[in-house]
Structure formats: C-alpha cells, structure tokens
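K.L.:
Numbering (this note's numbering), first residue to last: 1 to 405. One structure is given below, represented as structure tokens, and several questions about it will come after.
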Ligand code: 13P
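The following block contains the structure:
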C-alpha cells in the first residue's frame, strides 16, 4: 500500500476515507509534521505516549539529539536508505540491507541497536549481534508487506508439495530474500539454503546451484526472476508458485522443467514502476540514465540501463560525471536525498506520484524520540527478539550470506 500523508486540517474520518484508496499519494507529502498530523498515524501507527503526538519537528529533533548524546557509545543507530531525512540524520551507519546486516554483525562493545528500518531488518540485527545486545525497532508496525506475503506455513506446505511432485531426494536449495520472517531464514538454514539481499542475489543463486539442481526462491518473484535471467536462465525455466492456489497453480511438468521456483510475492512500491515511465523519461530527457531496483518487474529492469540495490544506486549516481541525468526507480525518500546530495546532476524519480514505502515511513521521529528517551530511563521499549531455536538456524543462513559478501 502507498504511504498516506497529510493534507492539513482533515478530520480523522475524512482521512480514513481519503486514504482507503491504496493509490492515493498526495503530492504535498514528505514535509515534516508532528505525528498527530500525519494521517499514516490514523490507520496503522502503534500506540505511543500522547505527549509525543503534537511535538513539533524542531522539538523532536532537539530531544532525539539530547537522548542520543546521553546514550553515547552504548548505542548504535542503523538507518536504511529509505528512511526520511529527519531520521536518517541520526544514523551512525546507513546502507542497504546487506550493508546494515554487516554493520550489525561487526559492532563491538554496544548494548543497544536502534534499527531505523523495518521488522525483518531488526530481527536480522538481533540474530547477528551477541545475545546481550538489545535491538529496538522504533515503531513495531514498521513491517514489510512483501515479507508478509510469505507466511511461513504456506512456505512449509509449498516445500512439501514440491517434494511430493519431484521426489524426496530432489536437490532443491531454498533461498530466502532478506525481506522475510526470521523463521523462514531458519527454514532455509536448516535445509542447506541461505539468505540473500538485492546486492548479492546473483552470488547466492550461484552458491545454491553449486549445491543443488533447483532453487526455491521467496518471497520476491521479481528479484528471483531478474537475477536468474541475468545468469542466463530463460524465463520459461522459472515457474511462479501462487501460494493461494493448490499446487501453487502450476503443473508437475512445469515444476520438473523449472530451474527456479519463484514465490508469488512482490514489493508494492517497486511494482509501481513501468516501462511507460521509462519511455517517457527517455523522451523528455534525452541521454537520461535509468537505474532501478531489482524488485521492479522484469520488463522494467530490461528497459532500464542498469539496476542494483539501494547502495548500488546511491554509489552509481555519486560516482557519475557531473551534468548527467538520472531517472531512478526506487523509493522516493532515497531519490530525493540523492537529488540533494548530487546537485551537479539531475536526479528524479521515474514515478511522478510521490509514493514512499509505507512501512519504512512508519519510523516517524516521534518514535525515535520515544524509544531513545525510554532507553535513557533504562527502559527498553519495542524490543525485537528472536527465540533461540529460530536464531540458531537463521544465523547459519545469514552467515552463509555474509561469507558471500
Ligand atoms: P536494499 O537491500 O537494496 O536496500 O533493499 C531493501 C528493500 O527492502 C527494498 O525494498
């Protein structure tokens, strides 16, 4: 669902009607406002002490800075590239999900990680840090709709059904995208598979094909398809598993032929990008470079000049010659930041409608202030903790990925 952002002066009821349309992305979005004025708040924000609701952006900024200073080196703040400017400015480390996982794993001597990102990232940080390190997600409602498309029970059932068709000895390696529940990371770890991110999916698939004949890839069909295709696997050797249908809506023949079985999941933000938008950008900006995230559809990735993780997108534009023009197919907070950080280039979003990742956007500065001030009082709120059994196998799957680089 698209993020829902506030036009001023609307009532709660009006906002609910306005934002019940998932395609509503008002163009006056992204200006910092108190949490209570952000309509996202009305539908899916977590409870927070009322005192934080009306705090101005300036007051929140001041309070976050003060709490951060008091916590000192006990705390590290990790910030994903999709976080808004008012939040990312406090991150000790920023990055794509791979880089942030690596930073979490490398920290020494800390007690707390405040993860400004989404739930699966905080879970991974908990798995990768020592037991005593407490990982905090400022707003527990910051999940990932794509990760939610792979319900663990559906994945386990699919795994069994696939083996019923292909035989118990079929050499299938499960690979889960980082954007998935810790229990699925444990599932792949226990079955000889691994985790991947958008920055190492090609290496992860190669690793898997060195050990098996087929890959079961979830939850993002687009990352799996784009990566498989770039490795030379034809589209008709990648079958889509629709978890809503018996036998995934596929056939035994298609499963036997497939090199990759793709889960039918997607990212709503990246699915908004289209080939038509790319054609328009090329018409209106001759010489434009189009760079997109591999969570975009296959035809969009094919029509683009290049693709890569959020970190790769940022690096490519940073290192490009002055005077070049970039149309970017990823989340708007990152695109706007890249435009600001690269004033010698023209950088714009392929999608003309302002549309942040609705779940990343749930980390409003009010939640950062609340969780940090609680920590200063010795209270851990919004802790993300993975149980020991899940931790054991998901760590195996994450470490296999970290070894790939
Ligand atoms: P990156 O690893 O490229 O930052 O992507 C994370 C993500 O969730 C994109 O939607």
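Backbone N, C-alpha and C define an ideal beta-carbon position, used for all residues, glycine too.
Kindly indicate which residue of 150, 232 and 71 has the alpha-carbon position closest to the one of residue 243.
P.N.:
The candidate whose alpha carbon is nearest that of residue 243 is 150.
K.L.:
Quick check on this structure: which residue in 321, 256 and 100 has the alpha carbon closest to the alpha carbon of residue 346?
P.N.:
Comparing Cα positions, the closest option is 321.
K.L.:
Just to confirm before moving on: does the CB-CB distance between residue 305 and residue 267 stay below 8 Å?
P.N.:
Not in contact: residue 305 and residue 267 (Cβ atoms no closer than 8 Å).
K.L.:
Using 8 Å for Cβ pairs, my map puts residue 360 next to residue 196. What's the rounded Cβ distance?
P.N.:
That belief does not hold up - the Cβ atoms of residue 360 and residue 196 are roughly 20 Å apart, past 8 Å.
K.L.:
For residue 214, which three-state DSSP category applies?
P.N.:
Reduced to three states, the DSSP call for residue 214 is strand.
K.L.:
Among 153, 159 and 262, which one has its Cα closest to the Cα of residue 225?
P.N.:
When only C-alpha atoms are compared, the closest one is 262.
K.L.:
Taking the alpha-carbon positions, what's the residue 257 to residue 237 distance?
P.N.:
Each residue's alpha carbon lies about 6 Å from the other.
K.L.:
Quick one: Cα of residue 296 to Cα of residue 329, how far?
P.N.:
Whole-angstrom Cα-Cα distance: 8 Å.
K.L.:
Give me the Cβ distance between residue 185 and residue 260, rounded to the nearest whole Å; I'm assuming they're in contact under 8 Å.
P.N.:
At roughly 19 Å, the Cβ-Cβ gap does not stay under 8 Å, so residue 185 and residue 260 are not in contact.
K.L.:
If you scan the region 318-353 from start to end, which runs of the beta strand (DSSP E) of 3 or more residues do you find wholly inside it?
P.N.:
325-329 and 346-349, all fully within the region 318-353.
K.L.:
Could you give the DSSP three-state label for residue 358: helix, strand or coil?
P.N.:
Residue 358: coil per DSSP, three-state reduction.
K.L.:
When every heavy atom of the ligand 13P is checked, does at least one fall within less than 7 Å of the C-beta of residue 474?
P.N.:
There is simply no residue 474 to check, as the chain begins at 1 and stops at 405 in what is shown.
K.L.:
With a cut-off of 8 Å on the beta carbons, I'd call residue 398 and residue 173 a contact; round off their distance for me.
P.N.:
At roughly 16 Å, the Cβ-Cβ gap does not stay under 8 Å, so residue 398 and residue 173 are not in contact.
K.L.:
Between residue 349 and the ligand 13P, is there a pair consisting of the residue's CB and a ligand heavy atom that are separated by less than 7 Å?
P.N.:
No, the ligand 13P has no heavy atom inside 7 Å of this Cβ.
K.L.:
Any idea which residues DSSP pairs residue 115 with across the strands?
P.N.:
Residue 115 pairs with 78.
K.L.:
For residue 91, which residues in the same chain have their Cβ closer than 8 Å to its Cβ, ignoring the five residues on either side in sequence?
P.N.:
Same-chain partners within the cutoff: 77, 78, 79, 83 and 116.
K.L.:
Tell me whether residue 275 is buried or exposed, calling it buried when 16 or more other Cβ atoms sit within 10 Å of its Cβ.
P.N.:
Exposed is the call here.
K.L.:
Can you check DSSP and say which residues form a bridge with residue 307?
P.N.:
Answer is 292.
K.L.:
Decide yes or no for the touch test of the region 372-389 against the region 132-146: beta carbon pairs closer than 8 Å, at least 3 of them.
P.N.:
Enough Cβ pairs lie closer than 8 Å, so yes.
K.L.:
Could you check where the beta strand (DSSP E) with residue 134 kicks off and where it finishes?
P.N.:
Per DSSP, residue 134 belongs to the beta strand (DSSP E) from 134-136.
K.L.:
Regarding residue 306 and the ligand 13P, is the C-beta to nearest heavy atom distance less than 7 Å?
P.N.:
Answer for residue 306: no, Cβ out of range of the ligand 13P.
K.L.:
Identify, in the order they occur along the chain, each residue of the same chain with its Cβ nearer than 6 Å to the Cβ of residue 169, setting aside the five sequence neighbours on each side.
P.N.:
Hits under 6 Å: none found.
K.L.:
Comparing C-alpha positions only, which one of 340, 273 and 365 sits nearest to residue 67?
P.N.:
Nearest option by C-alpha distance: 365.
K.L.:
Evaluate residue 251 with the Cβ neighbour count: other Cβ atoms within 10 Å of its Cβ, from every protein chain shown; 16 or more gives buried, anything less gives exposed.
P.N.:
Exposed is the call here.
K.L.:
Could you tell me the distance, in whole angstroms, from the CA atom of residue 25 to the CA atom of residue 50?
P.N.:
With a pLDDT of 47 at residue 25, under the threshold of 50, the predicted position of this residue should be treated as unreliable, though the coordinate-derived value follows. When rounded, the distance between both Cα atoms is 27 Å.
K.L.:
Give a single yes or no on whether residue 93 has its beta carbon closer than 7 Å to a heavy atom of the ligand 13P.
P.N.:
No.
K.L.:
Going by CA-CA distance only, name the one from 265, 307, 112 and 217 that's closest to residue 375.
P.N.:
Out of 265, 307, 112 and 217, 112 has the C-alpha closest to the C-alpha of residue 375.
K.L.:
Quick one: is the Cβ of residue 98 within less than 7 Å of any heavy atom of the ligand 13P?
P.N.:
Flag set: Cβ of residue 98 near the ligand 13P.
K.L.:
Could you please give the first and the last residue of the uninterrupted alpha helix (DSSP H) stretch that includes residue 224?
P.N.:
221-230 is the extent of the alpha helix (DSSP H) around residue 224.
K.L.:
Between the Cα of residue 178 and those of 188, 222, 190 and 120, spot the shortest distance and give me the residue it belongs to.
P.N.:
The option with the nearest alpha carbon to residue 178 is 120.
K.L.:
According to DSSP, simplified to helix, strand and coil, what is residue 273?
P.N.:
Residue state, collapsed to three classes: coil.
K.L.:
Between the region 146-163 and the region 193-212, do at least 3 Cβ pairs fall closer than 8 Å?
P.N.:
Segments in contact, no.
K.L.:
What separation, rounded to the nearest whole angstrom, lies between the Cα atoms of residue 327 and residue 388?
P.N.:
Taking the straight line from one Cα to the other gives about 44 Å.
K.L.:
Would you report the Cα separation of residue 171 and residue 152, rounded to the nearest angstrom?
P.N.:
Cα to Cα, the separation comes out at about 21 Å.
K.L.:
So, using beta-carbon positions, are residue 198 and residue 294 closer together than 8 Å?
P.N.:
Yes, the Cβ-Cβ distance between residue 198 and residue 294 is below 8 Å.
K.L.:
Thinking residue 103 and residue 109 are a contact (beta carbons under 8 Å), I'd like their distance in whole angstroms, please.
P.N.:
Going by Cβ atoms, the distance from residue 103 to residue 109 rounds to 14 Å, so no, they are not a contact pair.
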